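Colleague: Its first residue numbered -2, the sequence shown is counted upward by one per residue in this note's numbering. Okay, handing you the structure first.
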Amino acid sequence: MRQPAPRRPGIPGPFVALIAIGVGIAALFTGCVVGVGIGSQPDPGRSPVAATASSSRSAESVVAEPTTATPSARSTASPTASASPSTPAPTRPPAKIKVPDVVGANHQAAQNTMQAAGFFGLAEEDATGQGRALLWDRNWVVVRQSPKAGSKVSPDTTITLYSKKIGE
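The following block contains the structure:
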């Protein structure tokens, strides 16, 4: 016959069980609070920079006062030497690029060729008119393109590749 384990003097068994349950509940509650804090979105109207700026109201801004130069220290440059802030720098239109010929190429390879040439605005359409999405580009072949191959267009021109599934 088996003897029960001798009881240790001190804290009774049910009391230890209650402490363990309390610690478990506290840990669960803490995990929920921390999880909500981590997962919550910040207020979109308030950026961290704005929050820092608004919380440091006691800081004073320092404004530099204009200094007066003595006549001997003044610059002798003519007024036309300084740049006018209202005159914008002339901008050139982007150089035109020759459109590569990708008709007959695998659709994925055609996209890679266009991007290597500098065209990143690419569109694609099902050439059969069924309106299917080209989900797996390697399953399709280009049968037409717009603008035509060899034409020179701006790099921001959208190139449309008309493709159909291989074997159709």
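The C-beta atom is built at its ideal place from N, Cα and C for all residues, glycine as well. All values derive from a computational prediction rather than experimental measurement.
#1: Quick one: grab the DSSP three-state call for Thr157.
#2: What separation, rounded to the nearest whole angstrom, lies between the Cα atoms of Glu165 and Val139?
#3: Just mark Gln142 as buried or exposed, buried being the case when its beta carbon has 16 or more other beta carbons within 10 Å.
#4: For the beta strand (DSSP E) containing Gln142, list its first residue and its last residue.
#5: Please name the residue or residues paired with Asp123 in a DSSP beta bridge.
#6: Using the Cα positions of Phe116 and Ser83, report the straight-line distance between them to the nearest angstrom.
#7: With DSSP collapsed to three states, give me the class of Val13.
#8: Could you check which residue in Pro152, Arg89 and Ala114 has the C-alpha nearest to that of Asp98?
#9: From Ser160 to Ala24, what does the alpha carbon distance come to, in whole angstroms?
#10: To which residues does DSSP link Lys149 through a beta bridge?
#11: To the nearest angstrom, how far is the alpha carbon of Ala124 from that of Ile94?
#12: Using 10 angstroms around the beta-carbon of Leu158, count the other beta-carbons present and answer buried if the total reaches 16, otherwise exposed.
Modeller: Short version:
#1: Residue mapping note: residue 157 aligns to position 160 of the sequence shown, counting from 1. The answer is strand: DSSP assigns Thr157 an E or B state.
#2: As a first step, residue 165 must be located in the sequence shown, where it is residue number 168. As a first step, residue 139 must be located in the sequence shown, where it is residue number 142. Taking the straight line joining both Cα atoms gives about 12 Å.
#3: Residue 142 sits at position 145 when you count from the first residue of the sequence shown. Buried is the call here.
#4: Here residue 142 corresponds to residue number 145 of the sequence shown, with the count starting at 1. Looking at the DSSP string, the run of the beta strand (DSSP E) that includes Gln142 is Trp137 to Ser143.
#5: In the sequence shown, the residue the question calls residue 123 occupies position 126. In DSSP, Asp123 forms a bridge with Ser160.
#6: Position 119 of the sequence shown, counted from the first residue, corresponds to residue 116. Position 86 of the sequence shown, counted from the first residue, corresponds to residue 83. Cα-Cα distance, rounded: 34 Å.
#7: As a first step, residue 13 is located in the sequence shown; it is residue number 16 there, counting from the start. Three-state result, Val13: helix.
#8: Counted from its first residue, the sequence shown places residue 98 at position 101. For Asp98, the nearest C-alpha among the options comes from Ala114.
#9: Counted from its first residue, the sequence shown places residue 160 at position 163. Counted from its first residue, the sequence shown places residue 24 at position 27. Spanning the two alpha carbons is a distance of roughly 58 Å.
#10: Sequence index remark: in the sequence shown, residue 149 carries index 152 (1-based). Beta-bridge pairing links Lys149 to Lys95.
#11: By 1-based counting over the sequence shown, the position of residue 124 is 127. By 1-based counting over the sequence shown, the position of residue 94 is 97. Between Ala124 and Ile94, the C-alpha separation is close to 25 Å.
#12: By one-based count along the sequence shown, residue 158 stands at place 161. With 16 or more other Cβ atoms within 10 Å, it is buried.
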